[in-house]
Amino acid sequence: MTRRGMWAAWCVAIPYAALMVCWVALAVTGGDTGYSWLMWLYGMWLACLVCVPLAGVGAALGAAEGSRVTKIWGIVAVVLCLPGFFLSFTLLGAL
Numbered sequence: 005m006t007r008r009g010m011w012a013a014w015c016v017a018i019p020y021a022a023l024m025v026c027w028v029a030l031a032v033t034g035g036d037t038g039y040s041w042l043m044w045l046y047g048m049w050l051a052c053l054v055c056v057p058l059a060g061v062g063a064a065l066g067a068a069e070g071s072r073v074t075k076i077w078g079i080v081a082v083v084l085c086l087p088g089f090f091l092s093f094t095l096l097g098a099l
């Protein structure tokens, strides 16, 4: 695997790790009476703001390397992060 292929794999894997951490934390704090679950939801939206371009770069690098798997999983990561990406702008507008 070349250096560019390794960067592509990392760029595609990071959004999945970020979404997993946020969803697990949201599930753990979902039953709380406070608003900690809402902070995790906002955190996930802001993580998606970073993860969409990151996954897109990973998919493009994977396509340039000829790795169909990296390209496809990068596109799936972009699609999974798109709702949070757009919702993060409403959050940033409220700040």
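Numbering of the sequence shown is given in the numbering used here, commencing with residue 5 and proceeding in unit increments.
All residues carry an ideal CB built from backbone N, CA and C; glycine is no exception.
Please read all numbers here as calculations on a predicted model, not as lab measurements.
Is DSSP giving residue i helix, strand or coil here?
| i | result |
| --- | --- |
| Thr6 | coil |
| Gly47 | helix |
| Gly97 | helix |
| Gly34 | coil |
| Gly70 | coil |
By a C-beta neighbour count over all protein chains shown, 10 Å radius and 16 as the cutoff for buried, is residue i buried or exposed?
| i | result |
| --- | --- |
| Thr6 | exposed |
With distance defined between alpha-carbon atoms, name the residue in the options nearest to residue i.
| i | options | result |
| --- | --- | --- |
| Ile76 | Cys52, Leu86, Gly62 | Gly62 |
| Phe89 | Val32, Cys26, Met48 | Met48 |
| Leu53 | Ser92, Glu69, Tyr20, Val32 | Ser92 |
| Ala12 | Ser71, Cys26, Tyr46, Leu65 | Leu65 |
| Val28 | Val16, Leu45, Ala17 | Leu45 |
| Cys85 | Gly9, Met10, Tyr20 | Tyr20 |
| Met24 | Ala51, Arg72, Met43 | Ala51 |
| Trp14 | Val32, Gly35, Ala81 | Ala81 |
| Gly9 | Ser71, Leu95, Thr94 | Ser71 |
Okay, do the segment 57-66 and the segment 30-39 touch, 3+ Cβ pairs below 8 Å being the bar?
Short answer: they don't touch.
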